[in-house]
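Here the sequence shown stands for residues 364 to 729, numbered as in my numbering. Ideal placement from N, C-alpha and C gives every residue a C-beta, glycine not left out. All values reported here derive from a predicted model rather than from experimental measurement.
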Amino acid sequence: MRETSLAERLIAYETSTLEGMRAAAEFVKGWLEAREVEVADFVHNGRPVLAATVGAEDGPTVVLHGHLDVVPAPPAQFRPRAEGDRLIGRGAYDMKGALAAMMCATRDLAAERRARVNFLCVSDEESDDAGVRASDVLVERGYQGDFAITGEPTELRIGVQAKGVLGVRLEVAGKAAHGSTPWLGDNAVVKAVEAYEQVRALPFARESSELFDRPSVSLGRIAGGDALNKVPDRCVVDIDIRYLPGQDRGKIFAAIDALPDVVASELIHRAPVTVDASNAFVRTLAEVVARGTHADRVSVGRDGASDAVSFVDAGTPAVEFGPRGGGHHGPDEWVSISSLERYRRALVEFVRLVPDRIGRRRLHVA
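This is the structure we're talking about:
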């Protein structure tokens, strides 16, 4: 299948590195342009960004949005392999499989006369750098729409909510002493781990909502100590907090900052995403995806965040919707080969159905 071979090619690029991102972006651009889809490319914060517009000159506009970058992995994970219905490799599920299907869908919709598609591809979705994202820049340049789909992992369900991200750094001070007499010191590493546990025990971490059991609190990085035989007098921990729609990020940070013996600072923040499940675009997408299955395709909450928030902040309803798979960010990440074709067909059918369900007039004015 086209989707599978494309996904294999994309997985083979080590896009946790800048060199790999550039090479993969050149491949995506070349593949589309070889099929007469014009692609605009530019660089944001040193990373490649691609955009292509196909379909009608006027009419409702759908954004198909994906990312090339992945979290780091050993070289072996960039050698894709198929085992039954599973295509295994770094980024297979998050989200090179979906990106490959979106490339195919964009080509399939190039001659569409009643709807318009903006295909967007960024390389900084997995980055934990603070600041303006490439997706924000694309929105500012007018690559918006009436509805946006970002191809994050959802098991062919529609993510109408996503948790927000709050990255917090805790700096903890202690007192140095010889390693043979630790009782004379104050171990900053031990204190930092205790502070992390205090964050996990804060009231916000025990709250729930209709779509989420609870927020998540993960200790992502820890650095402390400079000698084996010395009680460390300083430690830094970085905590990855995924908080619920409706929770107040300012109150969460204030509660952390009020903990004793820590200095807190914010590393990164991305707001939660919420889209009304009764939105006409969401209902139309659900209608398409639900064909052939009795499972509810809507009202899914995504624990992970995505660049969908860039479109929501600009007034464009955006959901996360991707193929089946599992293990993203893990050593055995995989995407279902059979679901890739179904995913592509769902995207194409959705775009073609939108004018009938929504109307032919372009709704969003950039």
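### Whole-Å CB distance - ARG453 paired with ILE374, under 8 Å assumed
Taking the sequence shown and counting its residues from 1, one reaches residue 453 at position 90. Taking the sequence shown and counting its residues from 1, one reaches residue 374 at position 11. Indeed, because the Cβ distance is near 7 Å, the residues count as touching under 8 Å.
Report the CB separation of ALA370 from THR378 in whole angstroms; it is logged as a contact under 8 Å. The residue labelled residue 370 in the question sits at position 7 within the sequence shown. The residue labelled residue 378 in the question sits at position 15 within the sequence shown. Wrong, their Cβ atoms sit about 13 Å apart, outside the cutoff.
Nearest-angstrom beta carbon gap, ILE585 and ALA555 [assumed within contact, 8 Å]: Mapped onto the sequence shown, residue 555 falls at position 192. Mapped onto the sequence shown, residue 585 falls at position 222. Rounded, the Cβ-Cβ distance is 7 Å, consistent with contact.
Requested in this report: Would you mind sorting GLU420 into buried or exposed? The rule is 16 or more other CB atoms within 10 Å of its CB.
Outcome: Locating residue 420 in the sequence shown gives position 57, where the first residue counts as 1. Burial call: exposed.
Which of helix, strand or coil DSSP assigns to PRO566 = Counted from its first residue, the sequence shown places residue 566 at position 203. It is helical.
Close-in-space but distant-in-sequence residues of the same chain around GLY548 (CB under 7 Å, 5 per side omitted):
Residue numbering aside, residue 548 sits at position 185 when the sequence shown is read from its first letter. Closer than 7 Å at Cβ, skipping near neighbours: GLY537, LYS538, ALA539, ALA540 and VAL594.
Can you tell me the Cα-Cα spacing of VAL425 and GLU560, whole angstroms? What you label residue 425 is simply residue 62 of the sequence shown in a count that begins at 1. What you label residue 560 is simply residue 197 of the sequence shown in a count that begins at 1. If I take the Cα positions, the gap works out to 43 Å.
* The alpha helix (DSSP H) enclosing TRP394, as first and last residue numbers -> In the sequence shown, the residue the question calls residue 394 occupies position 31. 381–396 is the span of the alpha helix (DSSP H), which, as asked, contains TRP394.
* **Range covered by the beta strand (DSSP E) that runs through VAL599** => Numbered from 1 along the sequence shown, position 236 holds the residue referred to as residue 599. First-last of the beta strand (DSSP E) with VAL599: 597–606.
- Using 8 Å as the threshold, is the stretch 613–626 in touch with the stretch 635–655, meaning 3 or more CB pairs across them? no
inquiry  = For the pair the stretch 702–712 and the stretch 525–537, tell me if three or more CB-CB distances fall below 8 Å.
reply    = no
Alpha-carbon to alpha-carbon, SER673 and HIS407
Residue 407 sits at position 44 when you count from the first residue of the sequence shown. Residue 673 sits at position 310 when you count from the first residue of the sequence shown. The alpha-carbon atoms of HIS407 and SER673 are separated by roughly 15 Å.
### Query
Does the beta-carbon of ASP448 have 16 or more other beta-carbons within 10 angstroms, so that it is buried, or is it exposed?
Translated into the one-based positions of the sequence shown, residue 448 becomes position 85. Burial call: exposed.
Note to self: Using the three-state DSSP reduction, which class does GLY460 fall into: helix, strand or coil?
What the structure shows: Position 97 of the sequence shown holds residue 460. If DSSP states are grouped into helix, strand and coil, GLY460 belongs with the helices.
Presumed contact (8 Å Cβ cut-off) between GLY685 and GLU489, rounded CB distance: For the purposes of this step, residue 685 is taken as residue 322 along the sequence shown, with counting starting at 1. For the purposes of this step, residue 489 is taken as residue 126 along the sequence shown, with counting starting at 1. The Cβ separation is near 15 Å, so there is no contact.
Determine the extent of the beta strand (DSSP E) in which PHE644 is found, giving its start and end residues. What you label residue 644 is simply residue 281 of the sequence shown in a count that begins at 1. It is not in any beta strand (DSSP E) - PHE644 instead sits in the alpha helix (DSSP H) that spans 643–653.
### Query
What do you get for ASN550, buried or exposed, if any count of 16 or more other CB atoms within 10 angstroms of its CB means buried?
Here the question's residue 550 lines up with position 187 in the sequence shown. Label assigned to ASN550: buried.
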